[in-house]
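In this note's numbering, the protein residues as written are 113 to 371. Glycine is no exception: its CB is placed at the ideal position from the N, C-alpha and C atoms. Keep in mind it's a predicted model, so treat the numbers as computed, not measured. Here the structure comes first, spelled out in structure tokens, and everything after it is commentary.
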Ligand SMILES: O=C(O)CCC(=O)C(=O)O
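Written out as structure tokens, the structure is:
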């Protein structure tokens, strides 16, 4: 796997995302799937349940449907060496170094505070994720982070794949465009027009989506009878520091730079 081409970098800068096909090798993918399904089966903590997400339509009370359904297996980086191996791999680092356009002496840092999870979307229950930017709850010097989303299986509309609004990472969106939970409001005509520009990101197993932390994205329900598993990590340049005493500074970031 090589560094992204100039065209890929230009696409990322314009659109706010880039898909690299078949980035994880089949044997790596098989091992990661084994870990993910075992940990889900055992409900190995820490986990976030559907009741914790507070998305619209998510269960509210402990007896509501789906309340006990796992949505994210957290702490992926310290959960299993294979997960950490992927997250800190030279191939992921190489792409990030190019997309961030960092000088050789500046590190690429893996945040242990954000994403850092096996995202599971289960057939029995899954709430919709409305349009949002991940930066909404993150506190860094600059809103300039990149998340890396590895599809462990096929992802399309039938199982609630991601949708993105190309170019939204560079749009100046006034605070009034968002609701109290910082989702894009649905009662504003400009937002409806914007959402209409959404594109579905279909991924095959091993495909990897790199997306900017200001990119508007959303996802639907899993309507199939199989669990959807994705591995999601977030990175920042060493010079873009988490702000002290915020959730983003709770755990130290890990330098993944290959020098
Ligand atoms: O529901 C999903 O698959 C998307 C999750 C998401 O957008 C997020 O965690 O930021």
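Distance from the CA atom of residue 189 to the CA atom of residue 220, rounded to whole angstroms, is 15 Å. At least one heavy atom of ligand 1 lies closer than 7 Å to the C-beta of residue 233.
The alpha-carbon separation between residue 204 and residue 327 amounts to approximately 20 Å. Not a single heavy atom of ligand 1 lies less than 7 Å from the C-beta of residue 137. Rounded to whole angstroms, the separation of the alpha carbons of residue 133 and residue 305 is 30 Å.
Looking at the backbone, the Cα of residue 245 and that of residue 193 are separated by about 30 Å.
Of the heavy atoms belonging to ligand 1, at least one sits nearer than 7 Å to the Cβ of residue 241.
In the structure shown, residue 355 falls within a coil segment according to DSSP collapsed to helix, strand and coil. Taken atom to atom, the span from the alpha-carbon of residue 363 to that of residue 225 is near 6 Å. For residue 188, the enclosing alpha helix (DSSP H) begins and ends at 188–191. For the options 176, 140, 124 and 237, the alpha carbon positioned closest to that of residue 264 is the one of 140. With a cutoff of 8 Å on beta-carbon distance, residue 342 and residue 223 are scored as not near each other. In the DSSP assignment, residue 262 falls within the unbroken beta strand (DSSP E) covering 258–263.
Residue 214 and residue 352 have their C-alpha atoms some 11 Å from each other. Between residue 359 and the set 251, 117 and 338, the nearest pair of CA atoms involves 251.
Each of 165, 185, 155 and 208 was checked against the Cα of residue 346, and the nearest Cα belongs to 208. The segment 114–134 and the segment 159–178 do not touch, with fewer than three beta-carbon pairs separated by less than 8 Å.
From the listed residues 175, 321, 164 and 121, the smallest Cα separation to residue 259 is found for 321. In the three-state reduction of the DSSP assignment, residue 337 falls in the coil class.
When 349, 210, 350 and 357 are compared, the shortest CA-CA separation from residue 124 is found for 210.
With fewer than 16 other beta carbons inside 10 angstroms of its own, residue 114 counts as exposed. Remark: C-beta atoms of residue 370 and residue 199 do not approach each other more closely than 8 Å.
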